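Basically our numbering = 1-based index in the sequence shown + 954. Note that the Cβ used here is the ideal one computed from N, Cα and C, for glycine as well. This one's a predicted model, so the numbers in the text were calculated from it and none came from an experiment.
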Amino acid sequence: MADVTMDKLISLSKRRGFVFQSSEIYGGLASAWDYGPLGVQLKKNIQNYWWKEMTQLHDNIVGIDAAIMMHPRVWEASGHVENFTDPLVDCKECKNRFRADQIDEALLKEKKCPECGGELTEPRNFNLMFQTHMGPLEDSGSVVYLRPETAQGIYVNFKNVWQTSRLKIPFGIAQVGKAFRNEITTKNFIFRTCEFEQMEMQFFINPTEDDKWFDHWMQKRMNYYHELGIRPSKLRFHEHGPGELAHYAKKAFDIEYEFPFGWKELEGIHNRTDFDLKRHNEYSGKEMIYLDDQTKEKYVPYIIETSAGLTRSVLMVLSDAYEDEVLGEGDERTVLHFHPQIAPIQVGVFPLVKKDGLAELAKDIEKDLREDFTTFYDQGGAIGRRYRRQDEIGTPYGITIDYDTKETGTVTLRFRDSMEQVRVHKDELTKRIKTEIANYKRGA
Ligand code: GAP
């Protein structure tokens, strides 16, 4: 199997409508990307899969959707104003800017630019939060930030949610939404961008049980990726050493994926202790204390956080699904092995030919399937070419309507991964495809 490269992914994404460069007709905006028809569906499917896994399947996790702009004191309390910084150096010659922690140590010591060899400035701390102003005056009193993580919207609502939903510890609050960071290194397509989406769940626990719950969520989150059909050999844990830990974390493990450019973080699992709630207690003057009504115990809960990138997951899913497959006799195809649950189109429907009523019959079948699956109708070109077009966008099932359909009511059901075909009665299709999705194993 040929290795996937970023060039291949970017080219397929553009050619087939997964991801486009933002503002392309104006020359593009660096680090900003737009999701096309297939990309937005894939992203929504991943989000829905996560949301179901993290809320619907638990009786003690609820959702929230907080505002992106929050009171500026939130970011003082959270420590982001003071600590959410990258050390940057500038080249005095070529004017390029670099993250000091990403430059070769020898070059940094010599203060030598990795691009042109010119002299580098001393490292300066640069805050990653985007700032803007609310209201007509652009003064310091009107500063607001675009949130750099969705988590704080959950922490400031801790009491609201606890008291209105009458949950008891341990319980979780989940949220999906945009976050913004003024990142300096934004290469690698949608991997690291200034505007991105996160899927976060904050689990509130008794402080004495932090190790137990940390281990629980580490395993759960790894299993989630396996169930999503991601190859286990491409996933691993990475524990943060003392120098790597974020200012709020006592312990952190990343789930890493082997992208075409190497092993990189996909999700962070953090023991944030009572850091955030205590700080909000201190800065807002509002008590963030939990009362256990059975034991009468009072405490500030600890938080175990699972924080995954949604837009980064889209890249991970694309990388993992991509294959240039050699089929023999000089034939080859590009195929995306998406898990059928998240494939942007689940079922392609094709009349073998347009004439003799086959097109009408195929359209009726496609309409019926729309209730349960995302579908696509295609009557253009040779049937083999139509299959290949669907393989390239990861459609797991293809249905072909032929002359036998008119006689017997049966259609051909084709499987993307194996390219095998079976005959199924059209009235059995919905049930059969649902069973296939539930039992899907990559390659079969
Ligand atoms: N609330 C904790 C938090 O935000 P993080 O490790 O900074 O932790 C969590 O970010 C996840 O968000 C990362 O694992 C990654 O998937 C995603 N992420 C972070 N910065 C990103 C960026 N600039 N572009 C795309 N995704 C990003």
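So which of the options has the shortest CA-CA distance to residue i?
i	options	result
residue 905	1364, 1271, 1387	Outside the shown range of the chain (955 to 1398) lies residue 905, about which nothing can therefore be said.
residue 1211	1184, 1224, 1049	1184
residue 1345	1361, 1312, 1366, 1302	1302
residue 1286	1373, 1254, 1296	1373
residue 1360	1318, 1395, 1396, 1322	1318
residue 1014	1152, 1115, 1310	1115
residue 1143	1386, 968, 1382	968
residue 1161	1227, 1096, 1206, 1178	1227
residue 1257	1340, 1081, 1125	1125
residue 1110	1084, 986, 1026, 1320	1026
residue 1337	1327, 1329, 1304, 1362	1304
residue 1323	1002, 1091, 1385	1385
residue 1003	1355, 1178, 1221	1178
residue 1049	1217, 1195, 1067, 1036	1067
residue 1136	1038, 1195, 1024, 1280	1038
residue 1392	1350, 1357, 1375, 1378	1350
residue 1229	1034, 988, 958	1034
residue 1200	1117, 1269, 1335, 1032	1032
residue 1355	1190, 1343, 1375, 1347	1375
residue 1104	1081, 1131, 1119	1131
residue 985	1241, 1202, 1145	1145
residue 1153	988, 1007, 1195, 1377	1007
residue 1466	1357, 1276, 1348	The structure shown does not extend to residue 1466, since the chain is modelled only from 955 to 1398, so the question has no answer here.
residue 964	1194, 1057, 1268, 1237	1268
Enumerate in chain order the residues of its own chain whose CB-to-CB distance from residue i is below 6 Å, with the five nearest sequence positions on each side excluded.
i	result
residue 1101	1022, 1133
residue 1020	1107
residue 933	Any question about residue 933 goes unanswered here, given that the chain covers just 955 to 1398.
residue 1060	none
residue 1168	1225, 1258
residue 1170	none
residue 993	972, 973
Can you tell me where the beta strand (DSSP E) holding residue i begins and where it ends?
i	result
residue 1079	1078-1081
residue 1063	That residue, residue 1063, is in no beta strand (DSSP E); its alpha helix (DSSP H) goes 1059-1064.
residue 935	No statement about residue 935 is possible, as the shown extent of the chain runs from 955 to 1398 and does not include it.
residue 1288	1285-1290
residue 1209	1205-1213
residue 1302	1301-1305
residue 1193	1189-1193
residue 975	973-975
residue 1051	1051-1053
What first and last residue would you give for the alpha helix (DSSP H) that runs through residue i?
i	result
residue 1034	1034-1037
residue 1295	Where residue 1295 is concerned, there is no enclosing alpha helix (DSSP H), given that its DSSP letter is neither H nor E.
residue 959	No alpha helix (DSSP H) contains residue 959, which DSSP labels as neither H nor E.
residue 1015	From DSSP, residue 1015 is part of no alpha helix (DSSP H) but of the beta strand (DSSP E) over 1015-1017.
residue 936	The requested residue 936 is not part of the displayed model; the chain covers only 955 to 1398.
residue 1268	1264-1275
residue 1233	1229-1238
In its own chain, which residues sit with a C-beta less than 7 Å from the C-beta of residue i, not counting the 5 before and 5 after it?
i	result
residue 1188	1211, 1212, 1274
residue 1308	1333
residue 960	1142, 1143, 1214, 1215
residue 1341	1352, 1368
residue 1219	1208, 1210
residue 1281	1287
Ordered along the chain, which non-local residues of its own chain (more than five positions away) have a Cβ less than 8 Å from that of residue i?
i	result
residue 1252	1243, 1244, 1245, 1246
residue 1017	1005, 1009, 1127, 1128, 1129
residue 1271	996, 1000, 1182, 1184, 1292, 1296
residue 1165	none
residue 1396	1183, 1185, 1291, 1293, 1371
residue 982	975, 976
residue 1123	1158, 1159, 1160, 1244, 1246, 1255
residue 1329	1299, 1300, 1301, 1302, 1303, 1320, 1323
residue 1388	1326
residue 1223	1168, 1171, 1172, 1175, 1206, 1207, 1208, 1209, 1258, 1259, 1260, 1261
Below 8 Å on the Cβ atoms is my contact criterion, and I expect residue i with residue j to pass it. Report the Cβ-Cβ distance as a whole number of Å.
i	j	result
residue 996	residue 1298	5 Å
residue 1011	residue 1043	Contact doesn't hold; Cβ gap of about 47 Å is too wide.
residue 1147	residue 1140	6 Å
residue 1051	residue 1041	About 11 Å; that fails the 8 Å criterion.
residue 1225	residue 1204	5 Å
residue 1265	residue 1150	5 Å
residue 1315	residue 1306	Their Cβ separation, rounded to whole angstroms, is 10 Å, which puts residue 1315 and residue 1306 out of contact at 8 Å.
residue 1260	residue 1155	5 Å
residue 1083	residue 1096	The pair is not a contact, with the Cβ atoms about 15 Å apart (cut-off 8 Å).
residue 1085	residue 1099	6 Å
Does the distance between the C-beta of residue i and the nearest non-hydrogen atom of the ligand MN fall short of 7 Å?
i	result
residue 1056	Inclusion of the ligand MN in the displayed structure is not the case, the ligand content consisting of the ligand GAP alone.
Residue i CB to nearest chain D CB: under 8 Å?
i	result
residue 1036	As a matter of chain content, chain D is missing from the structure shown, which is built from one protein chain.
Which complete beta strand (DSSP E) runs does the stretch 1086-1174 hold, if anything under 3 residues is left out? Within the stretch 1086-1174, the complete beta strand (DSSP E) runs of at least 3 residues fall at 1097-1099, 1125-1134, 1149-1159.
Tell me the start and end of each unbroken alpha helix (DSSP H) in the stretch 1315-1384 that is at least 4 residues and wholly inside, in chain order. For the stretch 1315-1384, whole alpha helix (DSSP H) runs of length 4 or above, ordered along the chain, are 1337-1346, 1357-1362.
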